[in-house]
Each structure stands twice: as structure tokens, then as C-alpha cells.
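Engineer: One structure, as C-alpha cells, below. Some questions next.
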Amino acid sequence: MSLPLLADRPTTQNERVTRYFVPSDETPPVYRPDDPTGVDNIIRAAYRQIFSEHLMLESFRQKALESQLRNGAISVKEFVRGLGKSEVYRDLVMIPNDNYRFIEVTFQRFLGRATYSQQERIKYSIIIATQGLNGFIDAVVDSEEYNTAFGDDVVPYQRRRLSERPANLVTPRYGARWRDVSGVKRSTREVVRTYRLTRPPKPGEPENFLNMARMLNPKPAPRQNISVFDLKIPDMTTSRR
1 MSLPLLADRP TTQNERVTRY FVPSDETPPV YRPDDPTGVD NIIRAAYRQI FSEHLMLESF
61 RQKALESQLR NGAISVKEFV RGLGKSEVYR DLVMIPNDNY RFIEVTFQRF LGRATYSQQE
121 RIKYSIIIAT QGLNGFIDAV VDSEEYNTAF GDDVVPYQRR RLSERPANLV TPRYGARWRD
181 VSGVKRSTRE VVRTYRLTRP PKPGEPENFL NMARMLNPKP APRQNISVFD LKIPDMTTSR
241 R
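The following block contains the structure:
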């Protein structure tokens, strides 16, 4: 028996107000099946939105879903649902992040907005724990918000923009919690600063080369002032015999 979906509410009154959006050069294009540019743009836009990759790798493509979409067997909504349930989305987004961050990234890519509150993240984390990835994607794609915003024939796009950059492209793939648990450092400088050797260094370890470099005390060569008038140009002429 599956647990019922918990009730949540927006944290502010502004989240209940219909958005006011002024079109500009930053306005994301809306891709529909009746677009004269063809289905290729729909597939490319869906990959970019869901996988958040500017350049699609051949190994990431879902050929079966693309074929069904081109033949009209499935709608754009079902194509987006299939991308969310794919192994690529599981490996790129679900596995490297904890449940809360995974929900936040999924909302940005499937609903075009960030999560409203911690209560909303807890609500959907229960679905992940009880129904897994497939049940969570179904809950998001079949939600009333998704159907109202995109329906069956529109590729999801960013609807709530708090800055000038798309949220689905600027969020890092690996969260801070995942980096802390796995021990991954954010930069090479942090790795160098935190390098401490508690035992005598063995041959070939960087500590030996560091001590060797500290022992070196090279003296700069004395500066010599050379004038062009002191240069002697050799005679390079040749005589014919």
C-alpha cells in the first residue's frame, strides 16, 4: 500500500499569483509538434532541458523514444517522461545527489521552477523512498501544475526566473553534501593546502620533492650591460677566385 501524497502549501502569497512575464530576447522558445521547424528541434530542446547538456552525446540519446515521437506513437509529454525514467537521468542526476537536491533539480527541469519550501521537498522525498525514480517522475509529470503549464505537446521550459541565467543550466550537478561525503575537493588549491603527511615520506612521494626544492638556493646571474657599440660583427663576405 503506497503512502498518500502529503499536502503542502506555498510559503508566500506571491506563489499563488499568476506570473507576469514580459517577452524579451531571453524568452525561452515554446516547442510544439506543429512547429514548422520539425521534430528535431523538439527532441533537441527536450534533451537540453531534461539532461541539461548543451552538446548531446550519442550514448545519451534514447533512440526508441525518438522513433516513437517521430511516428506519432507518443506525445511530447510521454517523451519527457521517458527521458526522466532513463538510465542516463538516473546516473547524471539521481545517484550523485541526495533526495532533497534531486527533487530541486528535477523541479527546475520538469516544472521550470525551484521548490517552494522544505515541506514540498519532504513531500516528494517520501515518493522517492517508497516508489523509486519511476514513481517520482510520474508524480511530477502527471501533476496538475505540469498539465496546466505544458500539457501534452509543449517541452518544459523555465517559468520562474530569479536571475538572468537559466536555473537548469547553472545548478551544479554534484551537491555540497555529496562532495563532503565522498571527500571530493572543489579545487586543486584546497587539495594542496590540506595535504599533510603524518609519516616519513617514501621514495617518490611529493614531500621529498618539496624538501628538495626548499634546499635549493639558486643565485641569480650577475647582470651584464652590453652596448651595441661593443659588438664585433664578423666579416661574412666571400671573395670569388
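Per full-length UniProt numbering, the sequence shown starts with residue 1, numbered consecutively. For glycine and all other residues, C-beta sits at the position ideal for the given N, C-alpha and C.
Should the stretch 60-77 be regarded as contacting the stretch 106-115, the criterion being three or more beta carbon pairs within less than 8 Å?
Structural biologist: The stretch 60-77 is not in contact with the stretch 106-115.
Engineer: Is DSSP giving Met1 helix, strand or coil here?
Structural biologist: Low per-residue confidence applies at Met1: pLDDT is 46, beneath 50, and the placement is therefore not dependable, though the value from the model is reported in the following sentence. Note: Met1 maps to coil in three-state DSSP.
Engineer: Using C-beta distances below 6 Å, list every residue in its chain close to Val140, excluding the 5 sequence neighbours before and after it, in chain order.
Structural biologist: Result list for Val140: Phe110, in chain order.
Engineer: How would you label Lys219, buried or exposed, when you count the other beta carbons within 10 angstroms and need 16 or more for buried?
Structural biologist: Exposed, by the Cβ-count rule.
Engineer: Three or more beta-carbon pairs under 8 Å between the stretch 93-104 and the stretch 128-146, yes or no?
Structural biologist: At 8 Å Cβ cutoff, the stretches touch.
Engineer: Here's a check: name, in chain order, each residue in its chain whose Cβ is nearer than 6 Å to the Cβ of Thr194, leaving out the five neighbours to either side.
Structural biologist: Because Thr194 sits at a pLDDT of 49, beneath the cut-off of 50, its placement in the model cannot be relied upon, and the following sentence gives the value as read from the coordinates. Around Thr194: no qualifying Cβ.
Engineer: How about Val93 and Val155: do their beta carbons lie closer than 8 Å?
Structural biologist: No, these two residues do not count as a Cβ contact at 8 Å.
Engineer: Who are the Cβ neighbours of Ile103 in its own chain at under 7 Å, not counting the five residues just before and after it?
Structural biologist: Only Thr115, Arg121, Tyr124 and Ser125 meet the Cβ criterion.
Engineer: Let me check understanding here. Comparing Cα to Cα, which of Ser117, His54, Asn134 and Ala46 lies closest to Glu87?
Structural biologist: For Glu87, the nearest C-alpha among the options comes from Asn134.
Engineer: Ordered along the chain, which non-local residues of its own chain (more than five positions away) have a Cβ less than 7 Å from that of Pro201?
Structural biologist: Excluding positions up to five away in sequence, the list reads Glu207 and Asn208.
Engineer: In the DSSP assignment, find the alpha helix (DSSP H) that holds Tyr116 and state where it starts and stops.
Structural biologist: Unbroken run through Tyr116: none, as it is neither H nor E.
Engineer: Taking the alpha-carbon of Arg113 as reference, which of Tyr146, Arg90 and Gly132 has the nearest alpha-carbon?
Structural biologist: The residue with the shortest Cα to Cα distance from Arg113 is Tyr146.
Engineer: Give the DSSP-derived three-state secondary structure of Val155 in the structure shown.
Structural biologist: In this structure, Val155 counts as coil in the three-state DSSP scheme.
Engineer: Indicate the three-state DSSP secondary structure (helix, strand or coil) for Arg90 in the structure shown.
Structural biologist: Arg90: helix per DSSP, three-state reduction.
Engineer: Determine the DSSP secondary structure at Ile233, reduced to helix, strand or coil.
Structural biologist: If DSSP states are grouped into helix, strand and coil, Ile233 belongs with coil.
Engineer: Suppose only complete runs of 4+ residues qualify. What are the alpha helix (DSSP H) ranges in the stretch 36-103, listed by chain order?
Structural biologist: Counting only runs of 4 or more, we get 39-51, 63-70 and 76-84.
Engineer: Looking at the structure shown, is Gln224 part of a helix, part of a strand, or coil, going by DSSP?
Structural biologist: DSSP places Gln224 in coil when its eight states are reduced to three.
Engineer: Tell me the DSSP secondary structure of Thr106 in three-state form.
Structural biologist: In this structure, Thr106 counts as helix in the three-state DSSP scheme.
Engineer: Three-state secondary structure (DSSP) at Thr130?
Structural biologist: If DSSP states are grouped into helix, strand and coil, Thr130 belongs with the helices.
Engineer: What's the call for residue 244, buried or exposed, on a 16-neighbour Cβ count within 10 Å?
Structural biologist: Nothing in the structure corresponds to residue 244, since the chain is present only between 1 and 241.
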